[in-house]
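Undergrad: Protein chains in written order, with UniProt numbering: chain A, 1 to 353; chain B, 1 to 446.
C-beta atoms are modelled at their ideal positions from N, C-alpha and C, and glycine is treated no differently.
I have a structure I would like to understand better, so I am pasting it below and will then ask my questions one at a time.
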């Protein structure tokens, strides 16, 4: 813990990075702690998900029960989420409770106990519940498979714990020790005073996290031309995707595909560029209870991908991406990956698209 | 001094909603926002409560027609402006246009264009028949979501025989028979100046821009048709379905509406005391402080529950929703929940539960809205019902003003030994009959 004399030089002395963003509300603040190198790409399959579901449980100082009750009393809520790149801890609370939540988030990183019974009774069952809920959705399953065929390792690892491996609390503890280094941690405060946040962070356990080398985003080897088809009851989902270099160009492609496929009654169509450290993954997906509709729309999208002039979609792309996307011409490579989940016979093969 | 004063108010200006009423009755609201997307929306103070059993669903059908029209598609592809529509009991979101920052002019031009084509949009019989089918599909999908469905049926049985009982999304049998003519007369009656609110969320469209836009749109001057008065009837409705894995029920009592803000906030605090319980969908469920959650979880009587204070302009419903797969003991789930409600009347809710409820309620009411459309609907609803939009400081003050004595008085008046509206769905063999549930609303021994 830093002595109070070091407050003024805290930004230089601390490797944890702190950012603040304004929000148009007065009374509620939120904190987001992004821990790079603790996402699903950086650990053995599913382990990072278990690490995230183990957050906010017992620490050496405070039980998970006490933390929950204290947060309720102060008017605050917290959650942990795993992404491919990072572990993301979030807390939303009434403005005046900032010190409490900075300290709680800090101790869940620095002091978590990772007890065996917590993994068996809370973190494990909850992780399985999340996996079961998500994979009942064929679009999620198809996107997971798209990651797997596009990247094979790293970003291609499953996002959630699927039960195919078994882990103990010691595995989680080891991952936490490796990943929770001060250079990996970024704190983003919404509607908080920057100086206050800096000061509280420098006095919290964030300041005493072990130092470690900054993660350098390494370029992932990528693969195109793959096809994967998974039979499953329920809705049918088809996804065309490819790893791309220029994310903003493919925001235009996403907009162009969404507006050029035929209108449909029951199908949901989605197209996005997922930006990760070291790679971006573009996809177009269609999901419907009616497999022949999926077939029509995915064929139309594959055709549009080859023939459309995407430069004119900058306005729609700006809306969908939530940021300014400039018009430019895009050359889409001829080959892509295709994943189909559901009634796979009704959807054409990649060579037929 | 002057500059200091300006700085001290600038953060307040950031979040304040400006509301004004034009000479012809149109309500204009704008609220600054820092999100990447902004919106401009048109809200009618009509909703499903302005419908009747023969045109039930017409408000949401109208919204679907507009969002699926050619001008909506043009706005999306050419301008990057997406249209949404929504329908509530007393407010219809006719059209809410979401645009990325920097494109306010595109959004304004698109909505102007859509308003100028309104007549051809409702006369487009091909799209009308497609949208009728789609609206019917929405009403059917709604029936498959047990929580929304039992709460809607609970409102339906509570206010049976009045227009407040009509479902938000309409009924398939009335949607089927609607014609362009019906839409035209509905619009003539409801799209009038004093029934309309124009809401902008974001920094790009100023209050003056909205006033200018309002004057340019072809909105006829006219008075709002008042809502038909409603009446509460203690009753129950059951849709037993043994193919569902759980039992679902919603139970509520009659309370005052939005205009009685003291009762409204007291009801909200009371609802938050037991709050909600997410079961296996939250890792922190075993730790929650609500006594009801602890009790029901310990005895395996619950999967999830929620408490609510629904409020319309003149009336409200306070109650809870309970889902359990332990269908054989579902009578106990309901019995112990209602016995827990009795604590409000006896004044045996403790200090800690009380401050927890108030802090959580502040968080829930004051946290930033997730999307501009939800925010603008909330602003329009408040402006229609109250005539103003309460600021954060006002909401905080209202919550702080709720005392344990106020909750006790509120509960003795509206909750203790009062008639209830009950709706059940799923495996509800063990959901007792009306009188036995009604008996739990009072106590044999105080």
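Do you know offhand how far residue 214 of chain B's Cα is from residue 279 of chain B's?
TA: Whole-angstrom Cα-Cα distance: 48 Å.
Undergrad: Taking DSSP's pairing of strands, which residues face residue 144 of chain B in a bridge?
TA: Residue 144 of chain B is not bridged to any residue.
Undergrad: Counting along the chain, where does the alpha helix (DSSP H) carrying residue 373 of chain B start and finish?
TA: 372-386
Undergrad: Alpha carbon to alpha carbon, what distance is there between residue 184 of chain B and residue 191 of chain B?
TA: 10 Å
Undergrad: What does residue 99 of chain B touch in chain A if you count any residue whose Cβ is under 7 Å from its own?
TA: 319
Undergrad: Comparing C-alpha positions only, which one of A/286, A/310, A/290 sits nearest to residue 300 of chain A?
TA: A/286 is the residue among A/286, A/310, A/290 whose C-alpha sits nearest the C-alpha of residue 300 of chain A.
Undergrad: Span of the alpha helix (DSSP H) holding residue 191 of chain A?
TA: Run containing residue 191 of chain A: none; DSSP gives neither H nor E here.
Undergrad: Closest by CA to residue 26 of chain A, which one among B/417, B/394, B/195, B/434?
TA: B/394
Undergrad: Look up residue 473 of chain B in the DSSP assignment and give the residues it is bridged to.
TA: No statement about residue 473 of chain B is possible, as the shown extent of chain B runs from 1 to 446 and does not include it.
Undergrad: For a contact meaning CB atoms closer than 8 Å, what does residue 77 of chain B contact in chain A?
TA: 259, 313, 316
Undergrad: Suppose only complete runs of 4+ residues qualify. What are the alpha helix (DSSP H) ranges in the UniProt domain "Peptidase M16 N-terminal" (31-167) of chain B, listed by chain order?
TA: List check, alpha helix (DSSP H) in window: 58-67, 70-74, 104-116, 118-123, 125-143, 146-158.
Undergrad: Please identify the residue among A/152, A/96, A/109, A/45 whose C-alpha is closest to the C-alpha of residue 210 of chain A.
TA: A/109
Undergrad: Can you list, in chain order, the residues of its chain whose CB lies under 6 Å from that of residue 249 of chain B, leaving out five sequence neighbours each side?
TA: 322, 424, 431
Undergrad: Along chain A, in chain order, which residues have C-beta atoms closer than 7 Å to that of residue 34 of chain B?
TA: 22, 23, 24
Undergrad: Compare the C-beta of residue 132 of chain B with all C-beta atoms of chain A and state if any pair is closer than 8 Å.
TA: So, not an interface residue.
Undergrad: Ends of the alpha helix (DSSP H) at residue 86 of chain A?
TA: Looking at the DSSP string, residue 86 of chain A is not in any alpha helix (DSSP H); the run it does join, the beta strand (DSSP E), is 86-94.
Undergrad: Are residue 446 of chain B and residue 291 of chain B closer than 8 Å when you measure CB to CB?
TA: Taking 8 Å as the cut-off, the beta carbon of residue 446 of chain B is found no closer than this to the beta carbon of residue 291 of chain B.
Undergrad: Answer yes or no: do residue 379 of chain A and residue 304 of chain A have a C-beta to C-beta separation smaller than 8 Å?
TA: Here chain A has residues from 1 to 353 only, and residue 379 of chain A is not among them.
Undergrad: Excluding the 5 residues preceding and the 5 following residue 277 of chain B in the sequence, name in chain order all residues of the same chain whose CB lies nearer than 7 Å to its CB.
TA: 285, 288, 290, 293, 302, 304, 305
Undergrad: I believe residue 57 of chain A touches residue 123 of chain A by the beta-carbon criterion, under 8 Å. Please report the beta-carbon distance rounded to the nearest angstrom.
TA: Yes, they are in contact, since the Cβ atoms of residue 57 of chain A and residue 123 of chain A sit about 7 Å apart, within 8 Å.
Undergrad: Hey, residue 53 of chain B and residue 231 of chain B: beta-carbon distance below 8 Å or not?
TA: no
Undergrad: Determine the closest residue to residue 325 of chain B out of B/416, B/242, B/143, with distance taken between C-alpha atoms.
TA: B/242
Undergrad: Please report the residue range of the beta strand (DSSP E) in which residue 201 of chain B lies.
TA: 196-201
Undergrad: Give every residue of the same chain whose Cβ lies closer than 7 Å to the Cβ of residue 100 of chain B, excluding the five residues on either side of it in the sequence, and list them in chain order.
TA: Counting only Cβ-Cβ distances below 7 Å, and skipping sequence neighbours, we find 36, 37, 80.
Undergrad: Buried or exposed, going by whether 16 or more other CB atoms sit within 10 Å of the CB of residue 146 of chain B?
TA: buried
Undergrad: Applying the 10 Å Cβ sphere with the 16-neighbour rule, what's the burial state of residue 8 of chain B?
TA: Only weak support exists for where residue 8 of chain B lies, its pLDDT of 36 falling under 50; the value from the coordinates is given anyway. Looking at its Cβ environment, which holds fewer than 16 other Cβ atoms inside 10 Å, residue 8 of chain B is exposed.
Undergrad: Keeping to the same chain, check which residues put their C-beta closer than 8 Å to that of residue 91 of chain B; ignore five residues upstream and five downstream.
TA: 43, 44, 45, 46, 47, 377, 380, 381, 384
Undergrad: Quick one: grab the DSSP three-state call for residue 18 of chain B.
TA: strand
Undergrad: Would a check of beta-carbon distances place residue 27 of chain A closer than 8 Å to chain B?
TA: yes
Undergrad: Closer than 8 Å by C-beta to residue 190 of chain A: which residues in its own chain qualify, once you throw out the five before and the five after it? Chain order, please.
TA: 20, 21, 22, 23, 29, 30, 31, 32
Undergrad: Among residues of its own chain, excluding the 5 on either side of residue 261 of chain B, which ones have a beta-carbon nearer than 7 Å to its beta-carbon?
TA: For residue 261 of chain B, the CB contacts under 7 Å within the same chain, skipping 5 residues up- and downstream, are 398 in chain order.
Undergrad: Rounding to the nearest angstrom, what Cα-Cα distance links residue 374 of chain B and residue 84 of chain B in this structure?
TA: Linking residue 374 of chain B to residue 84 of chain B through their CA atoms gives a straight-line distance of about 10 Å.
Undergrad: Can you give the Cα-Cα distance for residue 50 of chain A and residue 50 of chain B, rounded to whole angstroms?
TA: 51 Å
Undergrad: Since residue 323 of chain A meets chain B, which of its residues come closer than 8 Å, beta carbon to beta carbon?
TA: 36, 100
Undergrad: Going along the chain, which residues of its own chain have a beta-carbon closer than 6 Å to the beta-carbon of residue 103 of chain A, five neighbours each way excluded?
TA: The answer, listed in chain order, is 204.
Undergrad: Anything in chain A within Cβ reach of residue 103 of chain B, meaning under 9 Å, just list it in chain order.
TA: The contact set of residue 103 of chain B on chain A, defined by CB atoms closer than 9 Å, consists of 315, 318, 319 in chain order.
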